[in-house]
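Its first residue numbered 7, the sequence shown is counted upward by one per residue in my numbering.
Note sheet for the following structure.
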Amino acid sequence: MVIGLSNCAGYTTAAKTQPATPGAGVLTASPTSVSFGSVAVGSSATQSLSVTNTGTATVNVSQVTISGAGFSLLSGSSATAIAVGQSATVQIQFAPQSAGSASGTLTVTSDASNSPLAVALSGTGTLGTLAASPASVSFGNVVVGSSGSATVTLNNTGTASVTISAESVSGTGFSISGITAPVTINAGQSASFTAGFAPVATGSASGSISVTSTAPGSPSAITLSGTGTQGGLSANPGSVNFGNVVVGSSGSATVTLNNTGTASVTISAASVTGTGFSIRGITTPLTINAGQSASFTAGFAPAATGSASGSISITSNAPGSPLGIALSGTGIQATLGASPASVSFGNVLVGSSGSATVTLNNTGTVSVTISAASATGTGFSISGISTPVTINAGQSASFTAGFAPAAAGSASGSISITSNAPGSPLGIALSGTGTQPQISVTPASVSFGSVVVGTSNSQAMTLKNTGAASLTITQVSVTGAGFSQTGLSAQTIAAGASVSFTAAFAPAAAGSASGSISITSNAPGSPLAIALSGTGVAATYVMTANPTSLSFGSVNVGSSSSLSVTLTNTGNSNVTISGAAVSGAGFSASGVASGTTLTPNQSTTLNVVFAPAAAGSVSGTVTVNSNASSPATVSVSGTGVQATAHSVALSWTASTSSGVTGYNVYRGAVSGGPYAMASSSLVAATQYTDSAVQSAQTYYYVITAVDSSNAESAYSNEASAVIP
């Protein structure tokens with residue numbers, strides 16, 4: 007059997023052979039040399055090689071030997087015969103006893119022609135070495151109840167891996183963490199863990215860490231040392247009595263905390279119990295080194311009379327924590343009251359003032375010291391008191407509160423009395439209402455626009471007292487040429503009441519004008535000015551006619567035609583019509599009476615009639631006289647024609663509808679209608695003659711069919727007739 011090789015680092019030395027003899031056996035080795043590479047001291051490695059008969063005769067092996075420190079045969083050392091082409095396997099072991107390179111030789115003695123066969127062996131012994139850094143650990147001073155720690159590193163400084171199989175620690179308060187056996191550290195590598203020291207008592211302590219491994223000198227020892235320290239905390243004074251303290255004030259005392267131990271003391275909390283007691287000047291956490299001290303302030307501010315007790319609790323890492331400091335004190339107090347407790351000034355006119363007396367009474371058993379007195383709220387004030395003021399028990403002091411409103415409306419405020427009495431500051435509510443008249447005029451200004459010189463324009467106005475007090479008007483005046491007012495004079499107007507008056511503008515000349523009405527009163531902002539403006543314009547009297555000419559066309563002699571003219575006052579003053587004069591035969595005018603007055607932009611209608619008495623063209627003029635700068639004239643024309651009898655004969659196809667009883671004939675002057683009935687009654691036949699036509703006209707006709715129920719059909723198609 008051929009066994010596979012392992013841990014072979016290569017072949018460095020060839021097997022020694024002898025020249026073959028014809029007809030003899032020859033042995034060859036595979037591999038021709040064996041290298042075990044690196045093998046840790048204390049361990050071993052095994053490799054196999056094959057010896058093959060490559061000759062022509064059987065080889066008898068008489069002996070297999072091995073030389074070299076650490077090398078040995080595991081199998082294949084006995085004599086054996088190897089037939090031609092067959093092999094034998096030899097197992098070799100390398101177990102180095104020390105670090106460093108090693109070599110040896112495997113020798114096969116036989117009757118082969120190349121005997122003995124030599125195979126070179128090589129290998130290197132490696133050794134792991136374990137060193138701790140630091141080799142010893144000193145934790146120094148560590149406060150009892152706390153802990154210190156240090157990192158320890160295990161370094162493999164050898165050429166082979168080291169396996170740590172166990173670790174342990176001895177010594178009170180010492181510990182290790184961060185390492186769990188087994189742990190393998192490769193050559194050149196390291197592993198770290200934490201050593202700890204948590205003393206349970208004061209004083210020096212020692213111990214060690216033991217590390218068991220495959221490294222020489224195992225187990226390794228790491229010495230440990232440390233000192234447990236502890237602080238001691240005391241208070242001076244050990245208790246505090248504040249004595250008598252006025253309710254509303256406070257007493258204080260300094261308390262000193264002394265560290266009487268050998269280690270720093272850390273205060274983690276400081277608290278106080280008991281109504282009215284407090285501490286300040288200490289912030290936790292606070293560290294006090296050995297032999298040092300720290301101070302804070304204890305306070306007592308009683309909220310009520312009588313004895314009180316409490317305590318301060320100081321929590322720390324010192325033995326006996328928490329440290330207690332007893333507190334005691336007695337609250338005494340004065341009592342301060344105001345009469346009245348609140349002041350209402352009622353209604354006070356803006357610009358004047360109201361006042362009230364306030365009395366401060368000490369109803370307690372100790373004196374009260376007033377340190378400050380102030381008033382808040384717009385318009386409120388105090389007088390007759392200067393601080394500091396001391397009021398003995400059972401006594402009183404008075405001062406004056408005032409209200410001088412600067413504006414109308416409700417106001418509120420307060421008086422604040424700061425003292426050593428409980429409930430300080432004492433508040434005294436103040437209230438009052440400022441009243442004053444308020445003047446409002448509607449409209450606030452007046453523009454009269456354009457007013458014709460010699461006429462006037464007026465504007466109704468309203469003055470209202472919108473305030474809460476009576477309004478007294480002492481003077482009313484008007485400035486500006488042409489402006490005036492009526493209805494407003496010096497008077498008193500109750501709150502909420504109003505009066506009406508009239509402003510007027512009567513310009514005496516053309517051009518812009520401005521002025522004002524000034525109202526002097528007791529209202530704020532007096533005098534009130536109302537701006538006035540207007541423009542005087544010269545009077546113009548103009549009347550126009552539209553249209554300015556009328557053409558009646560042809561009118562039959564004996565008949566008449568009527569047309570209208572619009573007369574408009576386009577000036578800025580009234581125009582009065584005195585009459586209308588007509589020239590031209592057959593023309594006449596009516597509809598406008600003498601004395602008719604047109605205001606600016608007003609119109610009226612004048613009717614003009616043409617009734618020719620003879621045939622022929624006629625022209626004339628209608629003249630409308632008035633006080634306008636010139637009369638309105640309208641030229642008129644028309645033609646009288648003699649009437650000629652004309653008629654239009656109409657015929658149509660009978661309706662195919664059943665029940666038709668007759669027809670209606672309709673005539674219009676415009677194509678498409680509207681149409682008017684031309685036949686005076688129902689036409690039974692299908693023909694009709696219209697004799698009511700005039701010369702020079704065109705007429706349009708339609709027919710409808712009517713049945714027995716008097717239902718009428720739609721219009722027929724339209725026919726036209728032109729009259730010459």
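Heads up, the beta-carbon is just placed ideally off N, CA and C, and yes, glycines get one too.
None of the values given here were measured: they were computed from a predicted structure.
* **Minimum C-alpha distance to residue 632 - residue among 585, 485, 625, 621** => By one-based count along the sequence shown, residue 632 stands at place 626. The candidate whose alpha carbon is nearest that of residue 632 is 585.
* To do: Within the same chain, show all residues whose beta-carbon is closer than 6 Å to that of residue 534, passing over the 5 residues directly before and after it, in chain order.
  => By 1-based counting over the sequence shown, the position of residue 534 is 528. These residues qualify, in order along the chain: 445, 525.
* To do: Could you round the C-beta distance between residue 100 and residue 50 to whole angstroms and report it? I think they count as a contact, below 8 Å.
  => Counted from its first residue, the sequence shown places residue 100 at position 94. Counted from its first residue, the sequence shown places residue 50 at position 44. Going by Cβ atoms, the distance from residue 100 to residue 50 rounds to 6 Å, so yes, they are a contact pair.
* To do: Quick one: grab the DSSP three-state call for residue 221.
  => Locating residue 221 in the sequence shown gives position 215, counting from the first residue. In the structure shown, residue 221 sits in coil (DSSP, three-state: anything other than H, G, I, E or B).
* Asked: When DSSP labels each residue in this structure, what does residue 56 get in the three-state scheme?
  -> Taking the first residue of the sequence shown as 1, we reach residue 56 at position 50. If DSSP states are grouped into helix, strand and coil, residue 56 belongs with the strands.
* Check whether residue 688 and residue 712 have beta carbons under 8 Å apart -> On the sequence shown, residue 688 is found 682 positions in, with the first residue counted as 1. On the sequence shown, residue 712 is found 706 positions in, with the first residue counted as 1. In this structure, residue 712 lies closer than 8 Å to residue 688 by Cβ.
* Asked: What are the start and end residues of each continuous beta strand (DSSP E) run of 3 or more residues lying completely inside the stretch 217 to 261, in chain order?
  -> DSSP runs (the beta strand (DSSP E)) wholly in the stretch 217 to 261: 226 to 235, 239 to 242, 245 to 252.
* Inter-residue spacing [alpha-carbon to alpha-carbon] between residue 501 and residue 413 -> Translated into positions along the sequence shown, residue 501 becomes position 495. Translated into positions along the sequence shown, residue 413 becomes position 407. Across the structure, residue 501 and residue 413 are spaced so that their CA atoms are roughly 16 Å apart.
* Using only alpha-carbon positions, find the residue among 274, 52, 64, 582 that is nearest to residue 32. => Along the sequence shown, read from residue 1 onward, the residue named residue 32 stands at position 26. Checking every option, the nearest Cα to that of residue 32 belongs to 64.
* Whole beta strand (DSSP E) elements within the stretch 545 to 604, 3-residue minimum -> You should have 549 to 552, 555 to 562, 567 to 575, 581 to 589, 593 to 596.
* How would you call residue 286, buried or exposed, if buried means at least 16 neighbouring beta carbons within 10 angstroms? -> By 1-based counting over the sequence shown, the position of residue 286 is 280. Exposed, because fewer than 16 other Cβ atoms sit within 10 Å of the Cβ of residue 286.
* Asked: Excluding sequence positions up to five away, which residues of its chain have a Cβ less than 7 Å from the Cβ of residue 683?
  -> Walking along the sequence shown from the start, residue 683 turns up at place 677. 670, 672, listed in sequence order.
* To do: Helix, strand or coil for residue 624, going by three-state DSSP, please let me know.
  => Looking up residue 624 in the sequence shown gives position 618. Under the three-state reduction of DSSP, residue 624 is assigned to strand.
* To do: Return the chain-ordered list of same chain residues with a C-beta closer than 7 Å to the C-beta of residue 796, the five sequence neighbours on each side being excluded.
  => The structure shown does not extend to residue 796, since the chain is modelled only from 7 through 730, so no value can be given for it.
* Asked: Is the number of C-beta pairs between the stretch 511 to 521 and the stretch 531 to 545 that are closer than 8 Å three or more?
  -> Between the stretch 511 to 521 and the stretch 531 to 545, the count of C-beta pairs closer than 8 Å reaches three or more; the two stretches touch.
* Three-way DSSP call (helix, strand, coil) for residue 104 in this model -> Locating residue 104 in the sequence shown gives position 98, counting from the first residue. Here residue 104 sits in coil by DSSP.
* Who are residue 688's beta bridge partners in DSSP? -> Working through the sequence shown from its first residue, we reach residue 688 at position 682. Checking the DSSP bridge columns, you'll see residue 688 has no partner listed.
* Report all residues from its chain with a CB closer than 7 Å to the CB of residue 375; omit the five preceding and five following residues, and keep chain order. => By one-based count along the sequence shown, residue 375 stands at place 369. The answer, listed in chain order, is 394, 396, 425, 426.
* **Nearest-angstrom Cα separation, counted from residue 594 out to residue 615** => In the sequence shown, residue 615 corresponds to position 609, counting from 1. In the sequence shown, residue 594 corresponds to position 588, counting from 1. Here the alpha carbon of residue 615 sits roughly 5 Å from the alpha carbon of residue 594.
* Given that a residue counts as buried once 16 or more other Cβ atoms are within 10 Å of its Cβ, and exposed if not, what is residue 236? -> The residue you call residue 236 lines up with position 230 of the sequence shown. Residue 236 is buried by the Cβ-count criterion.
* Contacting residues, own chain, Cβ-Cβ under 7 Å from residue 26 (five flanking each side not counted) -> Translated into positions along the sequence shown, residue 26 becomes position 20. Unreliable positioning characterises residue 26 in this predicted model, as indicated by a pLDDT of 41, which lies under 50. The coordinate reading is nonetheless provided below. Result list for residue 26: 32, 61, 119, 120, in chain order.
* Note down the Cα distance separating residue 127 from residue 158, rounded to an integer number of angstroms. => Mapped onto the sequence shown, residue 127 falls at position 121. Mapped onto the sequence shown, residue 158 falls at position 152. The alpha-carbon atoms of residue 127 and residue 158 are separated by roughly 42 Å.
* To do: Take residue 588 as the anchor and find which of 453, 462, 628 has the nearest alpha-carbon.
  => Looking up residue 588 in the sequence shown gives position 582. Nearest of 453, 462, 628 to residue 588, Cα basis: 628.
* Below 6 Å CB to CB, which residues in the same chain sit around residue 532 once its five sequence neighbours on both sides are set aside? => On the sequence shown, position 526 is the one that residue 532 refers to. Only 526 meet the Cβ criterion.
* Using the C-alpha atoms, what's the distance from residue 243 back to residue 301? -> Taking the sequence shown and counting its residues from 1, the one referred to as residue 301 is at position 295. Taking the sequence shown and counting its residues from 1, the one referred to as residue 243 is at position 237. It is roughly 11 Å from the alpha-carbon of residue 301 to the alpha-carbon of residue 243.
* Are residue 200 and residue 183 touching if we call contact CB-CB under 8 Å? -> On the sequence shown, position 194 is the one that residue 200 refers to. On the sequence shown, position 177 is the one that residue 183 refers to. Their beta carbons are under 8 Å apart, which means residue 200 touches residue 183 by this criterion.
* residue 173: first and last residue of the uninterrupted beta strand (DSSP E) it sits in -> Within the sequence shown, the letter at position 167 stands for residue 173. Taken as a continuous stretch (DSSP letters only), the beta strand (DSSP E) holding residue 173 covers 168 to 176.
* Segments assigned beta strand (DSSP E), at least 3 residues, entirely inside the stretch 129 to 157 -> With a minimum length of 3 residues, the continuous beta strand (DSSP E) runs that stay inside the stretch 129 to 157 are 136 to 139, 142 to 149.
* Asked: When burial is assigned at 16 or more other CB atoms within 10 Å of the CB, is residue 339 buried or exposed?
  -> Looking up residue 339 in the sequence shown gives position 333. Result: buried.
* Alpha-carbon spacing of residue 700 relative to residue 678, whole angstroms -> Along the sequence shown, one-based indexing puts residue 700 at 694. Along the sequence shown, one-based indexing puts residue 678 at 672. In this model, residue 700 and residue 678 are separated by some 20 Å (Cα to Cα).
* Asked: When you compare each of 177, 661, 162, 400 to residue 190 by their alpha carbons, which one comes out closest?
  -> One-based indexing of the sequence shown puts residue 190 at position 184. Comparing Cα positions, the closest option is 162.
* Asked: Contact check, residue 219 vs residue 169 under 8 Å by CB: the rounded distance?
  -> Against the sequence shown, residue 219 aligns to sequence position 213. Against the sequence shown, residue 169 aligns to sequence position 163. Contact flag correct, Cβ pair sits at about 6 Å.
* Asked: Hey, residue 560 and residue 659: beta-carbon distance below 8 Å or not?
  -> Mapped onto the sequence shown, residue 560 falls at position 554. Mapped onto the sequence shown, residue 659 falls at position 653. No, these two residues do not count as a Cβ contact at 8 Å.
* Asked: Rounded C-beta distance between residue 80 and residue 98? I'm assuming under 8 Å.
  -> The sequence position of residue 80 within the sequence shown is 74, counting from 1. The sequence position of residue 98 within the sequence shown is 92, counting from 1. Residue 98 and residue 80 do touch by the CB rule: their CB atoms are close to 7 Å apart, below 8 Å.
* Cβ-based neighbour list, residue 767, same chain, cut-off 8 Å, excluding 5 preceding and 5 following -> Given that the chain is displayed from residue 7 to residue 730, the structure contains no residue 767 and the question cannot be resolved.
* To do: Return the CA-CA distance between residue 520 and residue 465, expressed in angstroms with no decimal places.
  => Reading the sequence shown from its first residue, position 514 is the one you call residue 520. Reading the sequence shown from its first residue, position 459 is the one you call residue 465. Within the model, the alpha-carbon separation for residue 520 versus residue 465 is close to 15 Å.
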